[in-house]
Every structure is written in structure tokens, then in C-alpha cells.
Amino acid sequence: MESLHPRVRLLWILSTVIQASVLGVIAYLVDRFAVSLPQTVVVGGWVVLVVLGVVHAIAAHRIWRFDLQDDALFLLRGVVTRTDTSVPYVRVQHVDTTRGPVERAIGLASVVVYTAGTRGADITIPGLRPERATELREQLRDLANESEATDAV
Amino acid sequence: MNRLHPRSAVVRIARATLQGGFFGFFGGSLGSGMFALPWFAVPALAVLGAVVFSGYALARYLRFQYELDGDTLTVESGVFARQSRQIPLGRVQNLDVEQNILNRLLGLAIVRFETAGGSATEATLDAVDEAEVKRLRNYVRTHDRDEAAETAAATSDAVSETATAGRSAHADLPGVTGPTSTHTGGAQTANDLEEPVSASVTEERDQPDGSLLFAFDQRELLTYALVSVRPAAPVLTLASLPLGMDVVWAVLRFNATLAGASLSGPVVRWLASSPETTRLAVFAVLSVVQFFLLALVVSVALTVVEYYGFQLTQADGDLRYERGLLRRYSGNIPLEKVQTVTIRENVLMRQFGYATLAVETAGYSGGNQQSSQGVAVPLAPREEVYELARDIEPFGDLDFDRSPKRARRRYLARFSLAAAGLTAVAYAVDSMLLETGYWWLTALLFLPVVPAAHLRWRHRGFDLDESVLATRSGFWRRTTRIVPYYRLQTVFVTRSPFQRRRDLATVGADTASSSSLLGGVARVYDIDEGTAKELRDTLRERLTAHVAGLRTGDRASDAEA
């Protein structure tokens, strides 16, 4: 079982900060142009959201695991509701590596695995070093090819 | 390359002209109000709008071309942003045909091709004439059948070799019994299904192709409409009440008089100032009952309109449905593309031993209405439904394993919490706003908690059959979902904090179905954690084994060819 790069916590915390700040800006605009909101509530809300985000990021990193097993990609995640997902290689439609702006700034990358299913049709493994992401994508591609099915639907 | 039918162009251009005219007219009126345009601006803009819109419609018609050639459907479209799309026919999941009233008068129909990718319909031909519909349908079907025959032949060989591993998709289905019937070609179609599955075939219908599996007569249709209550009907009724406000007020006034109120003004004033609770209660009960009766009528009417003249036929490897009173829908569902089979029985249906059968493919099906997605048999006796389901996807007798008893305690706790929460809310609202002192009435909600928890537990379960996973859940509407192992996509196990406390877990088995409403996921709720992990591993193993089985079949077919 492989865990994510520790720096992924920073990534998650940063995205919570960004989201909370966007909400803060909205609250500011509402305060300015519509209903007046008490400032303590806005600031307090921002702080609570960020603290929750930090706790969540640390817990999520501790729980997140993934593994390339014989027949399937296996992922373990979820802070509140634990989920383990098995993605059989036969069912992999295609694999992407993506790097969002925040990820680029921190120097991480994600791998996204697509299946034809309805729930979890795209499964993301975040927090990988770029080299590892590329390697993982290629591994997954090879595993999917080896297990070639007639029609992955 | 073919164009759409000219009559459809006429309809579209006429519609565009009207739209453009109105657009110009309103734009002109608005403009002349604001900028003091000269008097002729309004008609001039109306004409301009009509010309531009109809010109665009004409250009779109002229640009839209399609062609069936070999294995592909090619569609060229777009005036400014041009698009050329090619769809391999082997990837077409289903082909749906829709006819609204206007199109029926004109003898036209809209044809939709669905594939597994993307969220929208991949190709829409709006509209072609009926002869062309037939040609398209036959072309796609023959293409499918040729392919199916190949795989079926190959897989049946493979299956006999590797007895346990692989089971052919539908080698045991009458329509695709395989090499002999198709390769000898010719007059094999109508009678190869020895016995029609449905005994309720009452009248002889015109059936140019295929054998009739199921059809509704008027009485069965009404029964179906009555027992299949649509949850959306009350909402729809409520939303459309304002349209007939006068009638609503008249009825309410009548109710008030019945309840014995001395009405000297509008109903609202009586309601607001009425001191007599019993009369108020009579009035309320009366009105609510009337409302639900109305909703029932609406529900029945909707169902009748939707399923009028329903029939399901089987031709070669395809299921073909036809339905609708005002809009006619028909479509082909290739059996080899069926992902999951779902059997639904609501409380009423279970009482009378009826059930509904739905099939799902990875494309959309059954018209564009979410409510009716993929319904293959709206209502039939349970045994017939199971028989047909086994025809589509062979499975043995299902013997469901229930969740452990502690799951029932979990439901008990959950429902009690909900009841307690509602009581608390009622208490708060009552003590702060209403002050009637009747808040404890909501405590009655605790009464059904025990039976509700028991029923929920009793109707949940799963079964690992030789070739399928079957899951079941739901009391009001019990859904039995049958998922062949070789259709599984991802398998996941989830555990919420409450489940973790009791060592329970939910196993989900995803398939490539398109309906987000019904969900492609078959879920096994609240089973023991150890069992859940075992189940997950079994599902993974069997998926690999069954897919491998199918693949050896394909190799054999390649070698043959």
C-alpha cells in the first residue's frame, strides 16, 4: 500500500483557504450591498472553515492509501465515511495525469482513472510527485492493455 | 449523404419564421418605446427577424447530412461551427424513435442513436419519414445480429470448453441461438421463440417483425396506472392548481359549507378567524382527500398517456418496445448490450403478485423521460417477469441473504432519532409561534418506528448467483437488481461512522448504465464487515473470470475467421 506525498496536506489546506476566502468575499459583498452581517460571524466562520480544513487534510492524508493489486487498482480513502474502491484493470477506459494551478505551485500531480460506470466513473489519486504520476499512468495503461477486454462496457 | 425529410424542413422553417417574427416584433416594440424609433421599425424588425431565423433554419437543414455506410453512421452538421461525427454501429447501445402529434400527422419521426460515451444523445435525426426509420432500424439490427452471431457462436464453444469460467452473453437466448439460424439466413424471425412469455396477449396485433413478448390491453393498462403511483403526481398537481384557481376556491367554499361553516366571506377569512377546531379538521381532511384523489387521477392519466398501446417484441437479438398515446415512442434495445435487469414491485403490486421489469443499457433508453427509463415490462405477474428476466440474463433461483440483526437495530436508532428530531422541532415551533399545546402529537411518529425498521431490514438482501449478483432493497418500492458479473465496473465498500460502530459496511457494485436516477450501482446494505470484504473479493474474482471467459470466446472467433 502506497500513501500520498505528505505535501498533499498543504495542497488540501490551501484549497480550503481559497474556498473559504471566496465565501468570505461573497459574505463581504452581501454585507456591503444587501444585508449587513456581523463581522465576527464572517471572520469566525472563515477561521472555523480553515481549522476544519486543516484537521480534515491531516486525517485524510493519514487514511489515504492506494495499491496496484493483481487484478485491480485498490484505493482506501474517506475521513468520515471510509470507502475502499476496487477498479479492475479490465474496466479502465483511459488514464490522465492532471496538474491544477495550486498543484503546480506545490509541485504535485494527480492521476485520474476513468471507467464507464456511473458512480465514481472518474477516480482521482491526488498528491503524487510528477514523476510518480507519469510512472503510475504508464503502469496503469500497461495493466489495462494486458487485461484487454473486448469492450470495456 | 442523405438529408432529413423535406417536410421536417418546412416545419422547422415555419417555426423559425414565427419565432423570428415574434422576436423582431417584441424587440421593435421595446426599442420604439425606449428610443422613439419611427413607426415602420416594428414591422420591419419583425420581417427581418423572420428572414434571419428562417434563413438560419434553412441553412441548418441544408448542412445536416447523414449516411449509413458499412459499419459507421456519419453525421455532418452545423452552420457556423461545423461538426462531422462518425459512430461505429457496433457501439450503438440503442436506437430510439419518437413521434409527436405533429410528426404523426406528417408521417415523420425523430430517430436517436445512443452510445455509451457522453451524457447527451450522440446523433439525433429530426426528422425522417417512416420508411427511413424502418431502413435505419433494420440496418442497425442486421449489423448487430451479424456481430452477435459471431460472438455467440464463438462463446458457446468456449463455454463448453471452459465449463465454469465463461458464460456467453446470450447464447441461450432464442433470437441468437447462434450460428445455424443466422448463417442459413432467410426466413428465421417470427416464430423462433417457442412460447410467448406473456400469457396476457389478448389481441392479435400487427407484428411485422419479431415475436410479441408482452402487450397491454385496456384493462391491464388501467390496473397498471392505478397501482403504479407516481410520486411526482402530487407535486405536479400542486404546481398546476393556480391555473384553475377559481375552481379551487369554489371547491374549498363547498367544503367549508359541508363542514358547517357559516360563510359570509372568502374562505381565507373563515380559515383565519375560525374558532372551531373540529370543523377546521373536517374541512382540512376533506380538502386533503380531494387533493390526493385529484393527484391519483393525474397520475393515472399520465401513465395511460405514456404507456397506451405498449408492446414489447423480440426480434433476433433485439428487444423492441412501442408505447405512447400522444407521443409515440419506440426503440430497439440489443440484448447483448443490456447491463442490468431490475425488477420493481411496490407495496400494491406485491399484494397482487405483480412486478415491473426494467432493463438498462449504457445508453439512454425508453424515450427522454427519466421516469420510464428502460422499462421493458410495465406490469405483469411476478412469475412472468422473472421468466422474461431470465431470458434476458440467465440466473437461478434467488435466495436472498439478509443483513445481520444488528443492522435492524441501526435502522431503529436512525428512525427514532428522526422522530425525536421532528418532535423537538414541533415543540420549538409550537412553543414559540403557534402555542396550540398539541406539539406532543408528533410523538406519534415513534409508533411506526419499530415496524419501519423491521420492514426495511426484511426487504434488504443479496444473493451471489452462479453468474449474477442480485441485490434487493426497499419496502415501499422493492427493487431487485440483477447484475451479471461480467458487467461489473468498480466495486466499493463504504462505512459511515455509524456503520463502523456496529461493524457494518455497504458494498456497491457499479455498472455502466446511464441512468443517474435509478443509478447504475447495485448496493448491498449493512452487511457484516468481514462478509463485505469477502463479497468484494468474490466479485472481483468472478469479474475477472467471466471476462476472461468471454475473451477466450472472441479469440476462438478470430481464429475461425
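Protein chains in written order, with our numbering: chain A, 1031 to 1183; chain B, 229 to 789.
Idealized CB from N, CA, C, for every residue including glycine.
Please read all numbers here as calculations on a predicted model, not as lab measurements.
Give the straight-line distance between the Cα atoms of threonine 370 of chain B and phenylalanine 341 of chain B, rounded to the nearest whole angstrom.
Roughly 15 Å between the two C-alpha positions.
Please determine if the region 692 to 709 of chain B and the region 632 to 647 of chain B are in contact, where contact requires at least 3 C-beta pairs separated by less than 8 Å.
Because the criterion of three Cβ pairs below 8 Å is not met, the region 692 to 709 of chain B and the region 632 to 647 of chain B do not touch.
Please report whether the beta-carbon of aspartate 1114 of chain A lies at a distance below 8 Å from any beta-carbon of chain B.
For aspartate 1114 of chain A, the answer is yes, since a Cβ of chain B falls inside 8 Å of its Cβ.
Is serine 701 of chain B close to chain A, meaning its C-beta is less than 8 Å from at least one C-beta of that chain?
Cβ-Cβ to chain A under 8 Å: no for serine 701 of chain B.
Look up glutamate 295 of chain B in the DSSP assignment and say whether it is helix, strand or coil.
Correct three-state label for glutamate 295 of chain B: strand.
Could you spell out the range, first to last residue, of the alpha helix (DSSP H) harbouring aspartate 619 of chain B?
Counting along the chain, the alpha helix (DSSP H) containing aspartate 619 of chain B begins and ends at 610 to 620.
Taking the CB atoms as reference points, tell me whether leucine 716 of chain B and threonine 739 of chain B lie closer together than 8 Å.
In contact: leucine 716 of chain B and threonine 739 of chain B (Cβ atoms closer than 8 Å).
Extract the residue ranges of the beta strand (DSSP E) inside the region 494 to 582 of chain B, only unbroken runs of 3 or more that lie entirely within it.
Listed in chain order, the complete beta strand (DSSP E) runs (minimum 3 residues) inside the region 494 to 582 of chain B are 539 to 543, 546 to 551, 556 to 562 and 568 to 574.
At 9 Å on the CB atoms, spell out the chain A contacts of arginine 768 of chain B, in chain order.
Here the neighbours are Gln1099, Asp1101, Ala1102, Ser1116 and Pro1118.
What residues of chain B sit near alanine 1057 of chain A, judged by a beta carbon separation below 7 Å?
Chain B residues near alanine 1057 of chain A: none, gap ~27 Å exceeds 7 Å.
Please report whether the beta-carbon of arginine 572 of chain B lies at a distance below 8 Å from any beta-carbon of chain A.
No, arginine 572 of chain B lies away from the interface with chain A (no Cβ there is under 8 Å from its Cβ).
Tell me whether asparagine 483 of chain B sits in a helix, a strand or coil according to DSSP, three-state version.
Looking at asparagine 483 of chain B - three-state DSSP - the assignment turns out to be helix.
Please report how far the alpha carbon of glycine 545 of chain B lies from the alpha carbon of leucine 683 of chain B, in whole angstroms.
Cα to Cα, glycine 545 of chain B sits roughly 39 Å from leucine 683 of chain B.
Could one say the Cβ of aspartate 756 of chain B lies closer than 8 Å to chain D's Cβ atoms, at least one of them?
Absent from the structure: chain D. Protein chains present are A and B.
When you compare only the Cα positions, how much space is there between alanine 478 of chain B and leucine 662 of chain B?
Straight-line Cα distance between these residues: approximately 29 Å.
Can you tell me where the alpha helix (DSSP H) holding valine 749 of chain B begins and where it ends?
Per DSSP, valine 749 of chain B belongs to no alpha helix (DSSP H) and is neither H nor E.
With a CB to CB cut of under 8 Å and the five nearest residues on each side skipped, what residues in its chain are close to aspartate 658 of chain B?
Taken in chain order, the residues that qualify are Thr664, Gly665, Tyr666 and Trp667.
For the region 1058 to 1076 of chain A against the region 1095 to 1105 of chain A, do three or more pairs of beta-carbon atoms, one drawn from each stretch, fall closer than 8 Å, so that the two count as touching?
These segments do not touch.
Which two residues bound the contiguous beta strand (DSSP E) that contains glycine 736 of chain B?
Start and end: 732 to 739.
Glycine 1147 of chain A versus chain B: which residues are under 7 Å apart at the beta carbon?
The contacting residues are Gln717, Thr718, Asp738, Thr739, Ala740 and Gly748.
Buried or exposed: arginine 638 of chain B, going by 16 or more other Cβ atoms within 10 Å of its Cβ?
Label assigned to arginine 638 of chain B: buried.
What does alanine 287 of chain B reach in chain A if we use C-beta pairs closer than 9 Å?
Under the 9 Å cutoff, chain A gives no residues; its nearest Cβ is about 36 Å from alanine 287 of chain B.
How long is the line joining the alpha carbons of leucine 441 of chain B and glutamine 542 of chain B, rounded to whole angstroms?
The alpha-carbon atoms of leucine 441 of chain B and glutamine 542 of chain B are separated by roughly 7 Å.
Please list, in chain order, the chain A residues whose beta carbon lies closer than 9 Å to that of valine 721 of chain B.
Chain A residues near valine 721 of chain B: Arg1112, Thr1113, Asp1114, Thr1115 and Ser1116.
Is the Cβ-Cβ distance between leucine 336 of chain B and alanine 355 of chain B less than 8 Å?
Yes, they are a contact pair.
Mind pulling the beta strand (DSSP E) runs of 3 or more residues that sit fully within the region 650 to 736 of chain B?
You should have 689 to 692, 696 to 701, 705 to 712 and 716 to 723.
How is the alpha helix (DSSP H) around aspartate 1172 of chain A delimited, first residue to last?
Start and end: 1160 to 1176.
If you drop the 5 nearest sequence neighbours on each side, which residues of the same chain put their C-beta closer than 8 Å to that of glycine 414 of chain B?
Model confidence at glycine 414 of chain B stands at a pLDDT of 38, short of 50, so the residue's coordinates are unreliable and nothing is read from them.
Quick check: the region 242 to 260 of chain B against the region 1159 to 1177 of chain A, are there 3 or more CB pairs under 8 Å?
The region 242 to 260 of chain B is not in contact with the region 1159 to 1177 of chain A.
Could you check where the beta strand (DSSP E) with arginine 1129 of chain A kicks off and where it finishes?
That residue, arginine 1129 of chain A, is in no beta strand (DSSP E); it is neither H nor E in DSSP.
Kindly indicate which residue of A/His1124, A/Val1120 and A/Val1060 has the alpha-carbon position closest to the one of alanine 776 of chain B.
Here the closest residue by C-alpha is A/Val1120.
In angstroms with no decimal places, state the Cα-to-Cα distance between asparagine 1175 of chain A and tryptophan 685 of chain B.
If you take the alpha carbons of asparagine 1175 of chain A and tryptophan 685 of chain B, they lie about 42 Å apart.
Based on the DSSP output, what are the partners of phenylalanine 1096 of chain A in its beta bridges?
Answer by DSSP bridge pairing, in chain order: A/Glu1032 and A/Leu1105.
So, with DSSP's three-state summary, where would you put histidine 233 of chain B?
Of the three classes helix, strand and coil, the one that applies to histidine 233 of chain B here is coil, per DSSP.
Distance check for phenylalanine 520 of chain B and leucine 1034 of chain A, CA to CA, integer angstroms please.
Taking the straight line from one Cα to the other gives about 55 Å.
Closer than 8 Å, CB to CB, is arginine 987 of chain A near chain B or not?
Residue 987 of chain A lies beyond the stretch modelled for chain A, which goes from 1031 to 1183, so this question has no answer here.
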